[in-house]
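Peer 1:
2 protein chains.
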Amino acid sequence: MSPSLPSGLLGDLDPTSDRAVFRQIADQLREAIDRGRFHEGDKLPSEADLVEHYGVSRMTVRNSFSILQGEGLVHAEHGKGVFVRPRPPVRRLASDRFARRHREQGKSAFIVEADAAGSHPQVDSLEVKEEKASPDVSARLGSVRRVLARRRRYLLDGRPVEFATSFLPLDIARGTQIAEPNPGPGGIYARLEELGHRLDHFEEEIRARMPSPAEVKTLRLASGVPVIHLIRTAFDTEGRAVEVCDTVMAADAYVLSYQLPAT
Amino acid sequence: MSPSLPSGLLGDLDPTSDRAVFRQIADQLREAIDRGRFHEGDKLPSEADLVEHYGVSRMTVRNSFSILQGEGLVHAEHGKGVFVRPRPPVRRLASDRFARRHREQGKSAFIVEADAAGSHPQVDSLEVKEEKASPDVSARLGSVRRVLARRRRYLLDGRPVEFATSFLPLDIARGTQIAEPNPGPGGIYARLEELGHRLDHFEEEIRARMPSPAEVKTLRLASGVPVIHLIRTAFDTEGRAVEVCDTVMAADAYVLSYQLPAT
DNA sequence: CACGCTTACTCGTATAGACGAGTGGGCAAG
DNA sequence: CTTGCCCACTCGTCTATACGAGTAAGCGTG
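As you go down the protein sequences, you meet chains E and H in turn.
Going by UniProt numbering, the first sequence opens with residue 1, and the numbers climb by one from there.
Going by UniProt numbering, the second sequence opens with residue 1, and the numbers climb by one from there.
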C-alpha cells in the first residue's frame, strides 16, 4: 500500500470549470512545483496515487504528466516514478571566448573552462573528414564545393551538452594540422592564423527549436528540452570566410552572453 | 466517405520491431514531411484515416500526433485536421540594432524594421508603472528597490512574437519622458543619453526554454515552440547599469545575429 | 553472508468505446 | 437567392481494461 497523498498538497477538481480535467491536474502539479512543495529531483505522486486522489482514470493522469513533460518540468523514469527535472548546471559562453588571449596551450577552451568550474569535461565522437559542402555551408564559405569537416561531441560530467561541426575550405585546411584529429595548441584558430589567415571577426547566428530525433539521441535530451542552434562564421582580415562552425547545444545547459558596444 | 489514403504515401508497420507502434507511425509521418510529401500548411491524413490504414486504435494514432506536436512539426486544429506547421517569417535581430545611427525619428526600431520588411507591425499591451524590483533585476541594476517598468508586446502581421519589459532605476526615470507611454523619438535610449547617461555598452544573456503557460497565452504559441529569453543590461560610460530589458521571444520567429571582433 | 527468486510497485503501450464540440458543406424552407 | 438547419467529418476529453517491462526490496535457500 502506497502512503496516501498528504491532504492539502494537491487540491480538488472543479467540475464546473470548462478547463479539461487533465489540465486542471497539470495546473495543480505545476503550481505545487512552483511553490516549492516539490523540489528538484523529488518524486511526484505516482499515477496510481493521483488516480485515487482525483478519482479519474489513469490515462487522464498520464495526460497531465505529458503536459508537464512537454513543458520540461518533469521527466518519467520507467519503473521508478515521475520526478521534478533538476536544472543542470549551466555553462556560460562569453562573447570573448575566442579572443586570442584565451587560446590556451594545448587544451581546448572547453576543457580549460570546465576544469576551472570543477566539472569533468570530455570530448568524443571526434571525426575529421572531407565531404561535400551543404548548400548552406557552401554559401557561407563562398561557394566552395567540398570542405573539411571536424565533428565532435562535448560532455560535462558524463552528460552530452553540445555537438559541433567545423567546416573549412579544402584549399586552406587540406594537408595541414587542421586536418589532423588533434589540431594542436590553441586549436584550429591558432593554426589558421599561422597559415596567414589572421582572424578579423566572427558572425554568430542563434536559433532555438525543438530537437530532431537524432539530436535527442546524441545529446540524450529529456523531452521538453529545446536546443540552441548556433552557426558561427569566422572571417579573416581579407574578408574571407575561413570557417563555419555549426553547433547544437542542449538549451538547459547553456547561457550565452554577449557584450556589445553602444557605438 | 473520406478518400482512402494514397498507397505508397505511408508504409506499413514492422511488427517484429521493438519500436513502439505509435513511434513507428510518428517516424513515417515525420519522414513523409521531411521528404516533402507533405508541405507547409498541408493537412495530414485524419486520425480515422490512419486508424484504418495501420489497423490500430485511435489513441495510438493520437499518441503519434502528440509526438510530432512536441517536436513542433505539426499542429492540430479542432474540427479541421492536423496540419504541417508552416515556418513563419523570421525576424533577424542584428547585434548593432541599438547603435546610435539606428535611432530613428519617432518610430521604434521594431516598427521601422518591420515596415521595411513589408510586414505589418503593431505594439500593444503597453504598460508603464513603478513597481518593486525582482531580486534578479535588483541585482543587475545595482541593488535598487523600486523600478520603473515599461511592458509591451510586439506583433507582426497580427501574430504576437515578443513580449518585453524594460526596468529602469527610479532615480533616473521618474518624472522624465521615460515614464510616459510614448518615450519620444529615438526611444528611451535617446532619453537616457539626454539625461546625461551616455551609453557605453550592452550585455545580453540568452537562454532558450519551453514557455510557461502564461507565455503560451500572451505569445499564442503553438505546442512544440520554445522561447528565447534575452536579458539585456545597458551600461553608461560611468559603468552604471541604467536599464535592464527582459525579452521573451517566440523562437520560431527569430534569428539573433551577433558580430564579434576576433580581438 | 551471498545469490537468486518472488513480489509489489512503477511507468509504457495498446485496445475499444463513449460523448462533446468546432467546422463546413449541402439541403430545404422561406 | 438567402437563410438557417442538419449532418458528416474532424479533433478533444475521458473511461475502463489489459498486458508488458523496469526497479527495488524482501525473503528464502544454499
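Glycine residues also receive a C-beta, built at the ideal position from the N, C-alpha and C atoms.
Keep in mind that this is a model prediction, so the values were computed, not measured.
If we ignore side chains and look at the alpha-carbon of each, how far apart do D171(E) and T16(H) end up?
Peer 2: When rounded, the distance between both Cα atoms is 49 Å.
Peer 1: With a threshold of 8 Å between beta carbons, is S2(E) in contact with chain H?
Peer 2: Residue confidence for S2(E) is low, a pLDDT of 41 falling below 50, so the modelled location carries little weight; the figure read from the coordinates is stated next. Cβ-Cβ to chain H under 8 Å: no for S2(E).
Peer 1: Give me the chain H residues within the contact set of Q259(E), using Cβ-Cβ distance strictly less than 7 Å, ordered along the chain.
Peer 2: Neighbours of Q259(E) on chain H, chain order: H201, E203.
Peer 1: Given E47(E), which residues of its chain have a CB within under 7 Å of its CB, disregarding the five upstream and five downstream residues?
Peer 2: For E47(E), where only same-chain residues beyond five positions count, the Cβ hits under 7 Å are R58, V61, R62.
Peer 1: Relative to chain H, which residues along the segment 72-95 of chain E have a C-beta separation below 7 Å, given in chain order?
Peer 2: Those would be G72, S95, in chain order.
Peer 1: Measuring CB to CB, does G72(E) end up less than 8 Å from R85(E)?
Peer 2: Result yes, Cβ atoms of G72(E) and R85(E) sit closer than 8 Å.
Peer 1: So with Cβ pairs under 8 Å, would you call G224(H) a contact of chain E?
Peer 2: Taking Cβ atoms only, chain E reaches closer than 8 Å to G224(H), which makes this a yes.
Peer 1: Would you call the segment 181-189 of chain H and the segment 205-216 of chain H in contact, with 3 or more CB pairs under 8 Å?
Peer 2: No, the segment 181-189 of chain H is not in contact with the segment 205-216 of chain H.
Peer 1: Determine, using beta carbons only, whether R191(H) comes closer than 8 Å to chain E.
Peer 2: False, the Cβ-Cβ gap to chain E never drops below 8 Å.
Peer 1: Between R226(E) and A208(E), which are expected to be in contact by the criterion C-beta below 8 Å, what is the C-beta distance as a whole number of angstroms?
Peer 2: The amino acid occupying residue 226(E) in the given sequence is Pro; Arg does not appear at that position. About 5 Å; that satisfies the 8 Å criterion.
Peer 1: Give the C-beta separation of Q259(E) and E203(H) to the nearest angstrom, bearing in mind that I take them to be a contact with Cβ-Cβ under 8 Å.
Peer 2: That belief holds up - the Cβ atoms of Q259(E) and E203(H) are roughly 6 Å apart, short of 8 Å.
Peer 1: Measuring CA to CA, which of V161(H), D236(H), F98(H) is closest to L195(H)?
Peer 2: It is D236(H).
Peer 1: So, is the C-beta of A139(E) closer than 8 Å to a C-beta in chain H?
Peer 2: It does not: the Cβ of A139(E) has no partner Cβ on chain H nearer than 8 Å.
Peer 1: Taking all protein chains shown into account, do 16 or more other C-beta atoms lie within 10 angstroms of the C-beta of D246(E), making it buried, or fewer, making it exposed?
Peer 2: Buried: at least 16 other Cβ atoms inside 10 Å.
Peer 1: Consider the Cβ of I228(E): report whether some Cβ of chain H lies at a distance smaller than 8 Å.
Peer 2: Yes, because at least one Cβ of chain H sits closer than 8 Å to the Cβ of I228(E).
Peer 1: Is it buried or exposed, P135(E), if we count other Cβ atoms within 10 angstroms and call 16 or more buried?
Peer 2: P135(E) comes out exposed.
Peer 1: Can you tell me the Cα-Cα spacing of T263(E) and A149(E), whole angstroms?
Peer 2: Cα to Cα, T263(E) sits roughly 36 Å from A149(E).
Peer 1: Do we get a CB-CB distance below 8 Å when we pair L256(H) with the residues of chain E?
Peer 2: It does; some Cβ of chain E falls within 8 Å.
Peer 1: With H, G and I counted as helix, E and B as strand and the rest as coil, what does DSSP make of E52(H)?
Peer 2: Three-state result, E52(H): helix.
Peer 1: When you compare only the Cα positions, how much space is there between P183(H) and E243(H)?
Peer 2: Approximately 14 Å between the Cα atoms of the pair.
Peer 1: How many Å lie between G240(E) and L192(E) at the Cα?
Peer 2: Looking at the sequence itself, residue 240(E) is Arg, so the reference to Gly does not match. Those two C-alpha atoms are separated by around 12 Å.
Peer 1: Just curious, the alpha helix (DSSP H) that M210(H) is in, first and last residue?
Peer 2: Counting along the chain, M210(H) falls outside any alpha helix (DSSP H), and DSSP gives it neither H nor E.
Peer 1: Apart from the five residues on each side of it in sequence, which residues of its chain come closer than 6 Å, Cβ to Cβ, to L256(H)?
Peer 2: Excluding sequence neighbours, L256(H) sits near L93.
Peer 1: Measure the alpha-carbon distance for F163(H) versus I111(H) and round it to whole angstroms.
Peer 2: Cα-Cα distance, rounded: 15 Å.
Peer 1: Taking a contact to mean a Cβ-Cβ separation below 8 Å, would you say V82(E) touches F65(E) in this structure?
Peer 2: For V82(E) and F65(E), yes; Cβs fall inside 8 Å.
Peer 1: Give the list of continuous alpha helix (DSSP H) stretches no shorter than 4 residues that lie fully inside the UniProt domain "HTH gntR-type" (19-87) of chain E.
Peer 2: As far as the UniProt domain "HTH gntR-type" (19-87) of chain E is concerned, its whole alpha helix (DSSP H) runs of at least 4 residues are 21-34, 47-54, 58-70.
Peer 1: Where does G79(E) land, buried or exposed, given buried means 16+ other C-beta within 10 angstroms?
Peer 2: Classification for G79(E): exposed.
Peer 1: Taking C-alpha atoms, which residue in R19(E), H197(E), P160(E) lies nearest to A222(E)?
Peer 2: Nearest of R19(E), H197(E), P160(E) to A222(E), Cα basis: P160(E).
Peer 1: For chain H, is any of its Cβ atoms less than 8 Å away from the one on G239(E)?
Peer 2: It does not; no Cβ of chain H falls within 8 Å.
Peer 1: Please confirm whether R100(E) has its beta-carbon closer than 8 Å to some beta-carbon of chain H.
Peer 2: Yes, R100(E) lies at the interface with chain H (some Cβ there is under 8 Å from its Cβ).
Peer 1: When the Cα of E131(E) is compared with those of A173(E), R97(E), R37(E), which residue comes out closest?
Peer 2: Among A173(E), R97(E), R37(E), the Cα nearest to that of E131(E) belongs to A173(E).
Peer 1: Following the continuous beta strand (DSSP E) through S166(E), name the residue where it begins and the one where it ends.
Peer 2: 159-169 is the extent of the beta strand (DSSP E) around S166(E).
Peer 1: At least one CB of chain H closer than 8 Å to the CB of R207(E): is that the case?
Peer 2: True, the Cβ-Cβ gap to chain H drops below 8 Å.
Peer 1: Would you mind giving the Cβ-Cβ distance between R30(E) and L68(E), rounded to the nearest angstrom? I have them listed as a contact below 8 Å.
Peer 2: Their Cβ separation, rounded to whole angstroms, is 6 Å, which keeps R30(E) and L68(E) in contact under 8 Å.
Peer 1: Once the 5 residues before and after Y54(H) are set aside, which same chain residues still bring their CB inside 7 Å of it?
Peer 2: Excluding positions up to five away in sequence, the list reads L13, I25.
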